[in-house]
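Asker: Take a look at the following structure, please.
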Amino acid sequence: MREETDGYGADINTDALGPGAPHETFLAGMRAMARASRSTSVPSPVTSQTCTGCWTSSCG
């Protein structure tokens, strides 16, 4: 990532790793970030389910 951004790094990092993912994957994303950039984490459900309206109360 640093090579593609002239050494600066990514402006945004989105963590969407599921349970049991290797911690090194998360750390690699953090290392690829630029200074003063943003990071967000997308929660992963513990059980597998199909959801058609994930931003409504029908998901749970």
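In terms of the UniProt record's numbering, the sequence shown opens at residue 1 and continues consecutively. All C-beta atoms in this analysis are idealised placements derived from N, C-alpha and C, irrespective of residue type, glycine included.
#1: In terms of alpha-carbon separation, which member of Tyr-8, His-23 and Glu-24 lies closest to Ala-36?
#2: In three-state DSSP terms, what is Met-1?
#3: Would you kindly check if the distance between the Cβ of Ala-16 and the Cβ of Val-42 is under 9 Å?
#4: Within its chain, find whatever has a CB closer than 8 Å to the CB of Arg-38; leave out the 5 residues flanking it on each side and keep chain order.
#5: Start and end of the beta strand (DSSP E) containing Ala-28?
#6: For Thr-25 and Thr-40, what's the separation of their Cα atoms in angstroms?
Answerer: Walking through what the data contain:
#1: Stepping through the sequence shown from its first residue, residue 36 is reached at position 36. Ala-36 has its Cα closest to that of Tyr-8, out of Tyr-8, His-23 and Glu-24.
#2: On the sequence shown, residue 1 is found 1 positions in, with the first residue counted as 1. When secondary structure is reduced to three states using DSSP, Met-1 falls in the coil class, being assigned neither helix nor strand.
#3: Numbered from 1 along the sequence shown, position 42 holds the residue referred to as residue 42. Numbered from 1 along the sequence shown, position 16 holds the residue referred to as residue 16. Contact: yes.
#4: For this step, residue 38 is matched to residue 38 along the sequence shown. Correct list, in chain order: Asp-11, Ile-12 and Asn-13.
#5: Mapped onto the sequence shown, residue 28 falls at position 28. Segment 23-31 is the alpha helix (DSSP H) holding Ala-28; no beta strand (DSSP E) there.
#6: Position 25 of the sequence shown holds residue 25. Position 40 of the sequence shown holds residue 40. Our two residues, Thr-25 and Thr-40, have alpha carbons roughly 15 Å apart in a direct line.
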